[in-house]
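*Asks:*
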Amino acid sequence: MLKSIRRKLQSITEYENENYEITIELLLRGELSKTELEFLMKNFGNLKFFEEQKAKLPLYLYTQIYKNLNYENVKAYESVFNYGDMGSTYYIILKGEVVVLLPKPQIQEDLFNHRLTVDQMRQRIENEKRKQFSDFNEFLTIAYSDFIKVRTLKAGDTFGELALITKSKRTATIICSVDCHFMTLQKNAFDRILYEHHNSIHKQQLAFFDNIPYLHGIPDQHLTQLMHQMIEIQPKLNSTIYKENEESHSVYFIMTGEVELSYQINNRQRIVISLMTKGAIFGENEILKGVKRSQKATCKSNETILMTLSAQQFLSTLENHNLTNDCSKKSELKAERHSKQILLRRKATESLLTCRPPTKTILNLDSEITRFHSTRQISLSNRLSNHPPITSTNCLIPIEIPHYIKLMPQYQRQTHSIFKLSNSNRLKNLLKTERSELTQLKGSSYYSTTSQQSPKHCVNIHVERLRKSRQR
1 MLKSIRRKLQ SITEYENENY EITIELLLRG ELSKTELEFL MKNFGNLKFF EEQKAKLPLY
61 LYTQIYKNLN YENVKAYESV FNYGDMGSTY YIILKGEVVV LLPKPQIQED LFNHRLTVDQ
121 MRQRIENEKR KQFSDFNEFL TIAYSDFIKV RTLKAGDTFG ELALITKSKR TATIICSVDC
181 HFMTLQKNAF DRILYEHHNS IHKQQLAFFD NIPYLHGIPD QHLTQLMHQM IEIQPKLNST
241 IYKENEESHS VYFIMTGEVE LSYQINNRQR IVISLMTKGA IFGENEILKG VKRSQKATCK
301 SNETILMTLS AQQFLSTLEN HNLTNDCSKK SELKAERHSK QILLRRKATE SLLTCRPPTK
361 TILNLDSEIT RFHSTRQISL SNRLSNHPPI TSTNCLIPIE IPHYIKLMPQ YQRQTHSIFK
421 LSNSNRLKNL LKTERSELTQ LKGSSYYSTT SQQSPKHCVN IHVERLRKSR QR
């Protein structure tokens, strides 16, 4: 069984190697025929770059990408290009892995203030490369001590478009961790096929970050460099981005999705401070104050994309553009709003807790429902026994009307017909005439039960008669 699996894996590997060898030959030769073009599209159309372009570009431009591809090979531990080089090539990783390095904030500040030149930095790197290294991480740590690693790119990823779009120098250094094979597009082909699409995306990103209050006013060139230093993360739904009392390492920008900030009152209760959406920034208050996290950030949507910027890079950017004081004031105002929300919600929570009756654990829900209905039935039966409602059997018997019967809906029409008369004398005359008629019925059961009562406390409910008298 194991031997068969090994054979299959070996055959797959050999097939892939053959495809790579054929692809390299086709890319080096150029001028592809229709069959060769279909071979490339079939074997490499599943790479991330080609899948994205197929969905966005028309078919004739998509095929033009394959027709203008070139090939480039770079050995491990070597650089594809360096910080400060002029850009003329767009790279698509066919096979291998590269790391993206950016100068540390202090080095960027020295370069910005002309205390250090790019040539001096390169000479320092070349001197360190002469040493012996045990692995790639040690090589990066020693030879590129002035740089920080921001991301790793693999097969299907692309890089190098920023210098072509902005027509400026390279803002990063790319180092191969293993032997790498690249498909490349020269500047002329890139401008003709992909420039318009990538340029529109770049302008949208610039407008997005320029609208953030803390970054407003930074020149486009420096803002582009800052965007290149950011790392993209995609947290899952209800996952924690950071917690209270953690070290403040990064600032977060919401590209899409929702993020919830909450505050812990006690061991059991947590207050939601705000729900932030696209275009918001969070995590900057603690960095500007130099303290640990005071809130918890949680992802609240399925498709959330965040761009993170390290605390050191964020602070150095504000210092280089004299925005530290202004951003500190904005941060204090934001912190005051959050503290007011925390205070108000804490008071509301405490008031609810004090007004809430003590809860009782219900072990058997069915028994509790039965007990509730039986208790309600008993209370209704006691009430009806003390004050029975007027029915067809006793409607001719004059009784003293209790207060609750006056409020019953079936008798509101009758009470309104009597007590809403505008003329009080008319009501008195009506009662007198009814009493005089009652006195003539001596000896009857009707008279014997009511003749001793005052008409002010008794009302003889003759619905038909009262309606007729009201019409007159």
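First residue of the sequence shown: 1, per UniProt numbering; consecutive thereafter. Glycine residues also receive a C-beta, built at the ideal position from the N, C-alpha and C atoms.
#1: Near I399, which residues of its chain fall below 6 Å by C-beta distance, leaving aside the five closest residues on each side in sequence?
#2: Please state whether the Cβ-Cβ distance between L153 and K187 is less than 7 Å.
#3: Exposed or buried, what is F282 when buried is set at 16 or more other beta-carbons lying within 10 Å of its beta-carbon?
#4: Taking a contact to mean a Cβ-Cβ separation below 7 Å, would you say residue 539 touches H198 in this structure?
#5: Would you report the Cα separation of Y214 and T224, rounded to the nearest angstrom?
#6: Taking 7 Å as the limit between beta carbons, can you name the residues of its chain near L275, skipping five residues before and five after?
#7: Would DSSP call F39 helix, strand or coil?
#8: Considering Cα atoms alone, identify which of I148, S200, Q53, H338 is closest to V272.
#9: Using the Cα positions of E319 and P105, report the straight-line distance between them to the nearest angstrom.
#10: Over what stretch of residues does the beta strand (DSSP E) that includes V178 continue unbroken?
#11: May I have the straight-line CA-CA distance separating I390 from R345, to the nearest angstrom?
#12: Look up N73 in the DSSP assignment and give the residues it is bridged to.
#13: Are the Cβ atoms of F147 and L101 separated by less than 7 Å?
#14: Are the beta-carbon atoms belonging to I241 and A172 less than 7 Å from one another?
#15: Flag this pair as yes or no: are the beta carbons of M255 and I305 separated by less than 7 Å?
#16: Which first and last residues belong to the alpha helix (DSSP H) in which P213 is found?
#17: Alpha carbon to alpha carbon, how far is N266 from K360? Give it in angstroms, no decimals.
#18: In the DSSP assignment, what are the bridge partners of C299?
#19: From F253 to Q204, what does the alpha carbon distance come to, in whole angstroms?
#20: What residues match up with K169 in a beta bridge as DSSP calls it?
#21: Measure the alpha-carbon distance for T117 versus L111 and round it to whole angstroms.
#22: Where does F282 sit, in a helix, a strand or coil, going by DSSP?
#23: List the endpoints of the continuous beta strand (DSSP E) containing F147.
#24: What's the gap between the Cα of I24 and the Cα of D179?
#25: Along the alpha helix (DSSP H) that carries M227, what are the first and last residues, could you check?
#26: Nearer than 6 Å: is that true of the beta carbon of Y83 relative to any heavy atom of the ligand FAD?
#27: When you compare only the Cα positions, how much space is there between G156 and A207?
#28: On the DSSP bridge assignment, give the partners of F139 in chain order.
#29: If I follow the unbroken alpha helix (DSSP H) through F50, where does it start and stop?
#30: Taking the alpha helix (DSSP H) that T63 belongs to, which residues open and close that run?
#31: Across which residues does DSSP place R270 in a beta bridge pair?
#32: Taking C-beta to C-beta, are I231 and T308 nearer than 7 Å?
#33: Round the Cβ separation of E109 and S177 to the nearest angstrom and send it over; I've been treating them as touching at under 8 Å.
#34: Since L116 is in the beta strand (DSSP E), which residue starts that stretch and which ends it?
#35: Helix, strand or coil for S200? Go by DSSP, reduced to three states.
#36: Helix, strand or coil, according to DSSP, for K236 in the structure here?
*Replies:* Taking the definition as stated:
#1: To locate residue 399, count along the sequence shown from 1; it is residue 399. Reliability fails at I399, whose pLDDT of 44 lies under 50, so the model's placement of it is uncertain and no value is given.
#2: As a position in the sequence shown, residue 153 is number 153, starting the count at 1. As a position in the sequence shown, residue 187 is number 187, starting the count at 1. Contact flag unset, no.
#3: On the sequence shown, residue 282 is found 282 positions in, with the first residue counted as 1. Buried, because 16 or more other Cβ atoms sit within 10 Å of the Cβ of F282.
#4: A question about residue 539 goes unanswered here, because the residues of the chain that appear run from 1 up to 472.
#5: The residue given as residue 214 occupies position 214 in the sequence shown. The residue given as residue 224 occupies position 224 in the sequence shown. Spanning the alpha carbons of Y214 and T224 requires a straight line of approximately 15 Å.
#6: Locating residue 275 in the sequence shown gives position 275, counting from the first residue. The residues are E258, E260, K300.
#7: In the sequence shown, counting from the first residue as 1, residue 39 sits at position 39. Helix.
#8: Translated into the one-based positions of the sequence shown, residue 272 becomes position 272. The shortest Cα separation from V272 among I148, S200, Q53, H338 belongs to H338.
#9: Your numbering for residue 319 matches position 319 in the sequence shown. Your numbering for residue 105 matches position 105 in the sequence shown. Whole-angstrom Cα-Cα distance: 11 Å.
#10: As a first step, residue 178 must be located in the sequence shown, where it is residue number 178. Looking at the DSSP string, V178 is not in any beta strand (DSSP E), and its letter there is neither H nor E.
#11: Counting from 1 along the sequence shown, the entry for residue 390 is found at position 390. Counting from 1 along the sequence shown, the entry for residue 345 is found at position 345. For I390, the pLDDT reaches just 48, beneath the cut-off of 50, and the residue's location in the model is therefore unreliable, leaving the point undetermined.
#12: Start at 1 with the first residue of the sequence shown, and residue 73 comes out as number 73. DSSP lists H181 as partners of N73.
#13: On the sequence shown, residue 147 is found 147 positions in, with the first residue counted as 1. On the sequence shown, residue 101 is found 101 positions in, with the first residue counted as 1. Yes. Within cutoff.
#14: Translated into positions along the sequence shown, residue 241 becomes position 241. Translated into positions along the sequence shown, residue 172 becomes position 172. No, the Cβ-Cβ distance between I241 and A172 is not below 7 Å.
#15: Counting from one through the sequence shown, the residue named residue 255 turns up at place 255. Counting from one through the sequence shown, the residue named residue 305 turns up at place 305. Contact check for M255 against I305 passes: the beta carbons are separated by less than 7 Å.
#16: Sequence index remark: in the sequence shown, residue 213 carries index 213 (1-based). Taken as a continuous stretch (DSSP letters only), P213 belongs to no alpha helix (DSSP H), as it is neither H nor E.
#17: For this step, residue 360 is matched to residue 360 along the sequence shown. For this step, residue 266 is matched to residue 266 along the sequence shown. Reliability fails at K360, whose pLDDT of 48 lies under 50, so the model's placement of it is uncertain and the value that follows must be treated cautiously. About 23 Å.
#18: As a working note, residue 299 is residue 299 in the sequence shown. The partner list for C299 (beta bridge, DSSP) reads V259.
#19: The residue you call residue 253 lines up with position 253 of the sequence shown. The residue you call residue 204 lines up with position 204 of the sequence shown. Their backbone Cα atoms lie some 15 Å apart in a straight line.
#20: On the sequence shown, residue 169 is found 169 positions in, with the first residue counted as 1. Among the bridge pairs identified by DSSP, K169 is matched with M86.
#21: Residue mapping note: residue 117 aligns to position 117 of the sequence shown, counting from 1. Residue mapping note: residue 111 aligns to position 111 of the sequence shown, counting from 1. Using only the alpha carbons, I get a separation of about 6 Å.
#22: Counting from one through the sequence shown, the residue named residue 282 turns up at place 282. Reduced to three states, the DSSP call for F282 is strand.
#23: The residue given as residue 147 occupies position 147 in the sequence shown. For F147, the enclosing beta strand (DSSP E) starts and ends at 147-153.
#24: Walking along the sequence shown from the start, residue 24 turns up at place 24. Walking along the sequence shown from the start, residue 179 turns up at place 179. Those two C-alpha atoms are separated by around 14 Å.
#25: Numbered from its first residue, the sequence shown carries residue 227 at position 227. Its alpha helix (DSSP H) spans residues 220-228.
#26: The model depicted lacks the ligand FAD and carries no ligand whatsoever.
#27: Counting from one through the sequence shown, the residue named residue 156 turns up at place 156. Counting from one through the sequence shown, the residue named residue 207 turns up at place 207. Going by the C-alpha atoms only, they are around 28 Å apart.
#28: As a position in the sequence shown, residue 139 is number 139, starting the count at 1. Answer by DSSP bridge pairing: none, since F139 is not bridged.
#29: In the sequence shown, residue 50 corresponds to position 50, counting from 1. Counting along the chain, the alpha helix (DSSP H) containing F50 begins and ends at 48-56.
#30: Taking the sequence shown and counting its residues from 1, one reaches residue 63 at position 63. Here the alpha helix (DSSP H) through T63 covers 59-67.
#31: The residue given as residue 270 occupies position 270 in the sequence shown. Looking at the DSSP assignment, R270 forms a beta bridge with Q264.
#32: For the purposes of this step, residue 231 is taken as the residue at position 231 of the sequence shown. For the purposes of this step, residue 308 is taken as the residue at position 308 of the sequence shown. In contact: I231 and T308 (Cβ atoms closer than 7 Å).
#33: Residue numbering aside, residue 109 sits at position 109 when the sequence shown is read from its first letter. Residue numbering aside, residue 177 sits at position 177 when the sequence shown is read from its first letter. About 28 Å; that fails the 8 Å criterion.
#34: For the purposes of this step, residue 116 is identified with residue 116 of the sequence shown, where counting begins at 1. Element bounds for L116: n/a, residue is neither H nor E.
#35: Position 200 of the sequence shown, counting from 1, holds the residue named residue 200. Residue state, collapsed to three classes: helix.
#36: Taking the first residue of the sequence shown as position 1, residue 236 is located at position 236. In the structure shown, K236 sits in coil (DSSP, three-state: anything other than H, G, I, E or B).
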